[in-house]
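J.: Input: one structure, supplied below.
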């Protein structure tokens, strides 16, 4: 019962604080932090043990890295290697060098001061990526640079953790098992990569064919949590393991379905993580050592901003993106808590020093939304030659096709012939597996789910093409897309005119009846087969097409009144007959096959 009460109060605090802070433009993260601060031991004391909450909420960071991994296909990750190791190493080592004097000021030795500098050089993956995602900046130049730096920092956590026992004076004991530990860790990583690459997709295929959605969700959670647990057992970062699992599944047809299933859990647990960070702030310690904590916080922020500006110049980022890069990852990181706690347990740092640094890191996190706002404003003042928002990244195709059956495939082929990139979603796993053999970008996903459309990049797409067979599914997709993206261009396939009218009611820009053009084309061939000249057959079909299109548009106003609709159709058909009767009709009789030549009059 106590657990239910705590969970209820935390959810209630988040529901109140986050929308309130978002309403005033302060961002959701700061809302979570303040709610956690109020609930934590420093103010109300409602949550007496923030560490237990933080331990559980770290799964949110794990899931965040898994979802990010899903966005990075191995080939794309390989293309990032220059930024990953170049920019990442430059930022980490230069920042660590400039922050090393903090250790001397706190009374640490040389080696411990270097470790502290490198630890404080780490940034918060959760805070930075959440901000970039909220502002739709992850695909921007500064977003890509920030991601590469953060990923390198996550990799750097591993050797930093390995150094701590050596600094504690346990080097001899560590040397005895060093090679055994390295071999064991390498074996676990290789095994995990093999399972993720070859076993996971086969398991997902079997689960997808069962068509039981909750089992697919369970399979997604199993892969994330299982991989994270294995990596933790190997002495590596849970988040890093989840990221690798996501990368290995990024080029499978299940990518968007996995992301949509993980997203709700990730969002809730990330919010819980930010809550727990706010709870862990020791206000009493901060007040008693206010100047020291503020000095550490200021040093972290200023040094990182300076270094990141240098990194931005080295990376040749557009000048408007440099202040945004400096602001988004200037804070301390969640792995600082892990490293500082481990160092205290090993006797490298005193508890007081670690507590002061943890307080400073937490305050720097709280400053991040304000810093990012300032960085964005400064970036907006710098005149860009061309905004990146007007261009679509290579991995975000401008067209999304919902449904790749017989109808959708024809649209996709035309786009492919014109080198127009697209992303296709289809809920039939057999169809997906077959089409992917030809190199098409198609994913196993139910496009009626808004979170899947967002995962596929609908918020960055120029056009949505609805080609699903089911009428109700098409209406659902159109309604949800139009409600959430009012400026999006939507083209849709309609089964009949009533379905087309309903799609138009929902704001679909262009509606095409699926059998209309094909039946007219067949009608023209029928007339030619009966002996009509090609020009005459074409003219007759074109006349009927114009009439039917006009009738379709005029009847739209009577779509919900069957009696009025029948009367309107009857009047229009009579008008159509009179149109033909008023024309010159000496040659209206159908010629027999073979009796016409090029000089024959056109029949109507």
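Residue numbers (full-length UniProt numbering): 1 to 604.
Built from N, CA and C at the ideal position, the CB exists for glycine as well.
1. Please state whether DSSP places residue 423 in a helix, a strand or coil.
2. Whose CA, out of 526, 536, 516, lies closest to the CA of residue 545?
3. Under a three-way DSSP split, which group does residue 188 fall into?
4. If you count every other CB in all the chains shown that lies within 10 Å of the CB of residue 199, and 16 or more means buried, which is it?
5. In chain order, what are the residue ranges of uninterrupted alpha helix (DSSP H) at least 4 long that sit wholly in the UniProt domain "RCK N-terminal" (396-512)?
6. Hey, residue 355 and residue 282 are a contact pair by Cβ (cut 8 angstroms); roughly how many whole angstroms apart?
7. If you reduce the DSSP assignment to three classes, tell me which class residue 245 lands in.
8. Just to check my reading of the structure: residue 323 and residue 375 have Cβ atoms closer than 8 angstroms, yes? What is that Cβ distance to the nearest angstrom?
9. According to DSSP, is residue 289 helix, strand or coil?
10. Could you tell me the alpha carbon to alpha carbon distance between residue 353 and residue 304, rounded to whole angstroms?
11. Rounded to whole angstroms, what's the CA-CA distance from residue 609 to residue 118? Just pull it up for me.
12. Considering only residues of the same chain and omitting the five flanking positions on each side of residue 497, which have a CB-CB separation below 7 angstroms?
13. Looking at the C-beta of residue 474, does it have a partner C-beta in chain C at a distance below 7 angstroms?
14. May I have the straight-line CA-CA distance separating residue 264 from residue 524, to the nearest angstrom?
15. Should residue 372 and residue 402 be called a contact, given that it needs their Cβ atoms to be closer than 7 angstroms?
16. Alpha helix (DSSP H) containing residue 96: first to last residue?
17. Determine, using beta-carbon pairs with one atom in the segment 214-224 and one in the segment 239-257, whether at least three such pairs fall under 8 angstroms.
18. How far does the alpha helix (DSSP H) with residue 517 in it reach, from first residue to last?
19. How long is the line joining the alpha carbons of residue 442 and residue 510, rounded to whole angstroms?
20. Check whether the segment 101-110 and the segment 330-342 are in contact - that is, three or more C-beta pairs closer than 8 angstroms.
21. Starting from residue 256 and walking both ways along the alpha helix (DSSP H), at which residues does that stretch end?
22. When you compare the CB positions of residue 425 and residue 447, do they come within less than 7 angstroms of one another, or not?
23. Sorted by chain position, which residues of the same chain lie with C-beta nearer than 8 angstroms to residue 176's C-beta, five sequence neighbours on each side aside?
24. Only counting the same chain, and skipping five residues up and downstream in sequence, which positions put a Cβ closer than 8 angstroms to that of residue 16?
25. Residues in its own chain within less than 7 angstroms of residue 261 by CB, not counting five upstream and five downstream?
26. Would you call residue 127 buried or exposed, if buried means 16 or more other Cβ atoms sit within 10 Å of its Cβ?
27. Using DSSP with H/G/I as helix, E/B as strand and the rest coil, what is residue 376?
T.: Straight from the coordinates:
1. Note: residue 423 maps to strand in three-state DSSP.
2. For the set 526, 536, 516, the Cα lying nearest the Cα of residue 545 is the one of 516.
3. In the three-state reduction of the DSSP assignment, residue 188 falls in the helix class, which pools H, G and I.
4. Residue burial is scored here from C-beta neighbours: residue 199 has fewer than 16 other C-beta atoms within 10 angstroms and is therefore classed as exposed.
5. Counting only runs of 4 or more, we get 406-417, 429-436, 450-455, 471-484, 497-505.
6. For residue 355 against residue 282, the beta-carbon gap comes to about 6 angstroms, under 8 angstroms, which counts as contact.
7. Helix, per DSSP.
8. Indeed they touch by this definition, with Cβ atoms about 4 angstroms apart.
9. Coil at residue 289, not helix or strand.
10. Straight through space, the alpha carbons of residue 304 and residue 353 are spaced by roughly 20 angstroms.
11. This structure cannot speak to residue 609, because the chain is shown only from 1 to 604.
12. Cβ-Cβ distances below 7 angstroms link residue 497 to 513, 552 in the same chain, with the five nearest sequence neighbours on each side left out; the list follows chain order.
13. In summary, chain C is missing from the structure at hand, where a single protein chain is found.
14. Between the C-alpha atoms of residue 264 and residue 524 there is a straight-line separation of about 53 angstroms.
15. Taking C-beta atoms as the reference points, residue 372 and residue 402 fail to come closer than 7 angstroms.
16. First-last of the alpha helix (DSSP H) with residue 96: 88-105.
17. Under the Cβ criterion (8 angstroms, minimum of three pairs), the segment 214-224 counts as touching the segment 239-257.
18. Where residue 517 is concerned, the enclosing alpha helix (DSSP H) starts and stops at 516-529.
19. The alpha-carbon atoms of residue 442 and residue 510 are separated by roughly 23 angstroms.
20. The answer is no - the segment 330-342 does not touch the segment 101-110, with fewer than three Cβ pairs under 8 angstroms.
21. Taken as a continuous stretch (DSSP letters only), the alpha helix (DSSP H) holding residue 256 covers 255-279.
22. Yes, the Cβ-Cβ distance between residue 425 and residue 447 is below 7 angstroms.
23. Because residue 176 sits at a pLDDT of 49, beneath the cut-off of 50, its placement in the model cannot be relied upon, and the point is left open.
24. Leaving aside the five residues that flank residue 16 on each side, the residues in its chain whose CB is nearer than 8 angstroms to its CB run, in chain order, 35.
25. These residues qualify, in order along the chain: 216, 217, 220.
26. Buried, by the Cβ-count rule.
27. It is helical.
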